[in-house]
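Take any residue in the sequence shown, count from 1 to its spot, add 796: that is its number in our numbering.
For glycine and all other residues, C-beta sits at the position ideal for the given N, C-alpha and C.
Structure first, commentary second.
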Amino acid sequence: MKKALLTSLAMVLVGVLYYFTVGSRQITEEIKDGINSQIVTLKSNGFEIQKEEIDSSREHFEIDFNDTERIANYLISRGVKDVDIESINIMRGMVIGLDMEYNPSPTKAIAVDIYPIKLPDIIDIALRDSGDESAIDRVKSMLSNRAVLIHIEVNKLATAFDGYLKDIEIDRELIVEGFSFNGDLDDMEIENVTQNIKRMELNIPEDNIYISILGFNADIERPLDDFNKVTHFNLNNFKVKSIDMGKTYLFNFKDISGDTTDIKRDKFLISSLSKSSIKEVDISKDGDFLIALKGVELDIDIKNFDNRVSDDFEKLMNNSIGFNSSDTILSIVNRLADSNFHIDIPNISISTIKYDNQEIDGFKLKLKSSLDSSKSGSLTLENITDILNLKLNIELSNELLSVISSNMNAIVMMMILQPMDVNGKKVYDIELRGGELKVNGNVID
């Protein structure tokens, strides 16, 4: 059995356990409603629960995910997002342990440890069929030592919570260190949460990829409301190393930060504004420097996305059997046009580029796009671009344009599309309206 199975297993377990603590409104609601009454509710909705009273202040529970169809229907009925029967079926046979302590300290009302006791049947069967005794022994050790465990506490006023994920190290292929979280509660619902990760490393030799995260922090307001959420994050360092055709490439991202605000303006329309920046991106091959991008910025403004098209988008992506993709594409575009949907990119820019022993100025890009609702009724796949209105402004330094023009394909393109000179920069103004394309005011047939 490949060691990667253990790594993947641990990551799945972390996701499951974290979801059933911070990631789910149901956990805090269970505290509010009373543990025993919630056990009755969960049992009647597919969960098999064993309860053991250790003493007057401590209880142990074992939650068995066997009747996954009823569990999925229950979670969906409670408003849990991104849950379907297929995803819950993967958890069939899994048993989660839950150790609960009441009044663990003068300031805490409850403390909970959550950890896997038994793996889902699909993983158990794969392990047995593999005949890899060492992998089986390592998994048994992981479970008995509670290698994947989440701890959470709620204060006596039920106004705040905090917790952590136990540090994980599995065969140097998965390392999670310093994963903690805390937040505020309002009427037993999570109002905000702060998440911190000191270090995370994922090494997958079979896929020739290594990922490293250092110093991650996120502050999220209304984390359980996908459409009315404010997020701010910082990441000190993010590295990706991959091997392709015998060459080792390293992408090193330094000092990443961002803010996102999601707003649901009415029952269906969603808007999102995001700003992000990266201080520097270094790229190397086989240890040799290739290029560095400094001062990378990206701003995106999405207005009036009609959430009713999300299911159709998913079906298109999944190529559902018997699904008429042509009609669905037209339906999506028409609905978005009628909702006055816009995507604007106020800024994509790179301040400077270090390349071939020289440092040159970079570029700036601005984009405005919308859909013309007056044309939604007569839309076909043949004239679908007629509904799109787009304005794109690209500003390049002379040095960058010179580097780009060293490519033969780019030379041909620039002979056809001549840039304008504006304040010492090379500028392209591109406009698409009613199916007509213009570059710097000239119609392109």
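Does residue i come out as helix, strand or coil in the three-state DSSP assignment?
| i | result |
| --- | --- |
| Arg995 | strand |
| Glu1109 | According to the sequence provided, residue 1109 is Phe. The question's Glu does not apply to it. Helix. |
| Thr990 | strand |
| Gly1220 | coil |
| Arg968 | coil |
| Asp778 | With the chain running from 797 to 1241 in the structure shown, residue 778 is simply not present. |
| Asn841 | coil |
| Arg866 | helix |
| Arg942 | coil |
| Ser853 | coil |
| Asp963 | coil |
| Lys1187 | strand |
| Leu1192 | strand |
| Asn1203 | coil |
| Lys952 | coil |
| Asn1103 | helix |
| Leu923 | helix |
| Asp1241 | coil |
| Glu1227 | strand |
| Leu1094 | strand |
| Leu1197 | helix |
| Leu1086 | strand |
| Leu871 | helix |
| Asp917 | helix |
| Asp928 | coil |
| Asp933 | helix |
| Asn1236 | coil |
Does the distance from the CB of residue i to the CB of residue j come in under 8 Å?
| i | j | result |
| --- | --- | --- |
| Glu858 | Val891 | yes |
| Ser1169 | Asn1143 | no |
| Met988 | Asp958 | Note that residue 988 is Asn in the sequence shown, not Met. Not in contact: Asn988 and Asp958 (Cβ atoms no closer than 8 Å). |
| Leu1213 | Tyr1224 | yes |
| Ile1139 | Leu1196 | no |
| Ile1141 | Lys1162 | yes |
| Thr767 | Asp1102 | With the chain covering only 797 through 1241, there is no way to say anything about residue 767. |
| Lys1164 | Glu1191 | no |
| Asp920 | Gly893 | no |
| Arg866 | Asn885 | no |
| Glu1093 | Ser1145 | yes |
| Asn992 | Glu969 | no |
| Ile1226 | Val1235 | yes |
| Pro912 | Leu939 | yes |
| Asn1024 | Ile1059 | yes |
| Glu1110 | Leu1089 | no |
| Ala905 | Lys952 | yes |
| Leu1010 | Asn1032 | yes |
| Asn1004 | Ser1038 | yes |
| Leu923 | Ile910 | no |
Between residue i and residue j, which are expected to be in contact by the criterion C-beta below 8 Å, what is the C-beta distance as a whole number of angstroms?
| i | j | result |
| --- | --- | --- |
| Ser1172 | Asn1130 | 4 Å |
| Asn1153 | Gly1231 | The Cβ separation is near 45 Å, so there is no contact. |
| Ile1066 | Ala1133 | No, Ile1066 and Ala1133 are not in contact; Cβ-Cβ is about 16 Å, not under 8 Å. |
| Tyr1151 | Ile1096 | Wrong, their Cβ atoms sit about 26 Å apart, outside the cutoff. |
| Ser1193 | Phe1159 | 7 Å |
| Met896 | Glu855 | 5 Å |
| Glu844 | Asn862 | 6 Å |
| Asp980 | Ala954 | Asp980 to Ala954, Cβ: 10 Å. No contact. |
| Val1026 | Thr990 | Between Thr990 and Val1026 the Cβ distance is about 13 Å, and since that is not below 8 Å, they are no contact. |
| Ile1079 | Phe1047 | 6 Å |
| Glu1121 | Leu1112 | It is worth fixing the name first, because residue 1121 is Ser in this sequence and not Glu. Between Leu1112 and Ser1121 the Cβ distance is about 6 Å, and since that is below 8 Å, they are a contact. |
| Asn1185 | Arg1229 | 5 Å |
Is residue i near the ligand PLP - that is, is its Cβ less than 7 Å away from at least one heavy atom of it?
| i | result |
| --- | --- |
| Gly1237 | Here there are no bound small molecules, and the ligand PLP is not part of this structure. |
* Which runs of the beta strand (DSSP E) spanning at least 3 residues fall entirely within the segment 1114-1152, listed in chain order? -> 1138-1151
* Any chance the segment 1068-1085 sits against the segment 1039-1058, with 3 or more Cβ pairs inside 8 Å? -> yes
* To do: Give, in chain order, every unbroken run of the beta strand (DSSP E) that is at least 3 residues long and sits entirely within the segment 990-1078.
  => 1005-1017, 1026-1040, 1043-1060
* To do: Tell me the start and end of each unbroken beta strand (DSSP E) in the segment 886-913 that is at least 3 residues and wholly inside, in chain order.
  => 890-901
* Asked: Would you call the segment 1040-1049 and the segment 1015-1023 touching, i.e. three or more CB-CB distances under 8 Å?
  -> no
* the segment 930-945 / the segment 961-968 touching (three or more Cβ pairs under 8 Å) -> yes
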